[in-house]
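1472 is the number that this note's numbering gives to position 98 of the sequence shown; each next residue is one higher, with no gaps.
Worksheet for the structure shown next.
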Amino acid sequence: MSALKYLLHYPPSLLVQVQARLDDGSLGNWLASRYPDSHAVQSDNALYQYVGELKQRYLKNAPAPTKVLYDNRQHPVKGTLGTNTQISRVQGSKLKAKHEIRIASLFRDAPEAFLRMIVVHELAHLREKNHDKAFYQLCCHMEPAYHQLEFDTRLWLTLRELEPATSPAAR
1375 MSALKYLLHY PPSLLVQVQA RLDDGSLGNW LASRYPDSHA VQSDNALYQY
1425 VGELKQRYLK NAPAPTKVLY DNRQHPVKGT LGTNTQISRV QGSKLKAKHE
1475 IRIASLFRDA PEAFLRMIVV HELAHLREKN HDKAFYQLCC HMEPAYHQLE
1525 FDTRLWLTLR ELEPATSPAA R
C-alpha cells in the first residue's frame, strides 16, 4: 500500500478497497465514468476568468487575486497542488496586499470537477488562512461535494502516477 501515498490519512478499510480496484485495473474506468467531462480552461487568462467567476459568486467581499496562473513548479509529490500567496508592499504611505493563486499545471488535463475543487480550496484561503473547521465549511459552501472531490482527486493523482500512459482517467 506504499503506492497510496496520497491517501495515507484515510481509514485502512478504504485503502483496501482502493488497492483492490488498482489491482484489478478498474479504478481508471470507474473515475472516467464518474468524471467524464474535461474542461476548456487551458490558458492562464481562462483560469483567471474561471477563478474570478467563482470568487464573485461566493466571496464578493474577499480581496480579488491580482494574478492567477498555472504553475509547472507545483507538484503533488512535493505536497502542493496550488498555492495562495499574499505579498505586502509599501506604496507611498499605504501598505498594499496582492494575492496570487497558482494551480499545478497537471490540472489542465484533469476533469473539470477536480479543477473546481482545487480552485475552491485556494479561494477559501482568501478568507481563512488555516486549514481549520471554518476553512472547510467555506469550501463546502462553495462546493458541497468538496470532500468527495478531494478524495477522488487523490485517487486520480494515484492512478496518474502509477499508470500515466495507459489509463483513460489519468490523461
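The beta carbon of each residue, even a glycine, is placed where N, CA and C say it ideally should be.
This structure is a prediction, so every number in the text was calculated from the model and none was measured.
Cβ pair residue i, residue j closer than 8 Å
i, j, result
"Tyr1432", "His1515", "yes"
"Leu1378", "Gln1393", "yes"
"Glu1517", "Arg1476", "no"
"Phe1509", "Ala1498", "yes"
"Asp1526", "Ala1478", "no"
"Arg1395", "Leu1401", "yes"
"Leu1512", "Pro1437", "no"
"Leu1381", "Thr1532", "yes"
"Leu1421", "Trp1530", "no"
Exposed unless 16 or more other CB atoms sit within 10 angstroms - verdict on residue i
i, result
"Lys1429", "buried"
"Arg1528", "buried"
"Ala1519", "exposed"
"Arg1545", "Confidence at Arg1545 is low in this model, with a pLDDT of 46, below 50, so the placement of that residue is unreliable and no value is reported for it."
"Lys1388", "For the sequence presented, residue 1388 should be read as Leu rather than Lys. Looking at its Cβ environment, which holds fewer than 16 other Cβ atoms inside 10 Å, Leu1388 is exposed."
"Val1442", "buried"
"Arg1447", "exposed"
"Ala1539", "Legend: pLDDT at Ala1539 = 44, less than 50; position of this residue unreliable, no value from coordinates given."
"Pro1385", "exposed"
"Arg1463", "exposed"
"Met1375", "Summary for Met1375: the model assigns pLDDT 48, below 50, so the residue's position carries little reliability; its value from the coordinates is reported in the next sentence. The residue in question, Met1375, is exposed, as its Cβ has fewer than 16 Cβ neighbours within 10 Å."
Per DSSP, the bridge partner or partners of residue i
i, result
"Arg1528", "Arg1528 pairs with nothing; no bridge assigned."
"Asn1445", "Note on residue identity: the sequence assigns Asp, not Asn, to residue 1445. Answer is Ala1478, bridged to Asp1445."
"Ala1436", "Bridge partners of Ala1436: none, in fact."
"Arg1463", "Lys1470"
8 Å contact criterion, which residue i and residue j should meet: CB distance rounded
i, j, result
"Thr1440", "Glu1474", "7 Å"
Closer than 7 Å: residue i CB and nearest the ligand NAD heavy atom
i, result
"Val1464", "With respect to the ligand NAD, the structure shown offers nothing to examine, as it has no ligands at all."
For the segment 1502 to 1515 and the segment 1468 to 1482, state whether three or more C-beta atom pairs, one from each stretch, are separated by less than 8 Å. No contact exists between the segment 1502 to 1515 and the segment 1468 to 1482.
Is it true that the segment 1475 to 1491 meets the segment 1398 to 1415, where meeting means three or more beta-carbon pairs spaced less than 8 Å apart? The segment 1475 to 1491 makes contact with the segment 1398 to 1415; the number of CB pairs closer than 8 Å reaches 3 or more.
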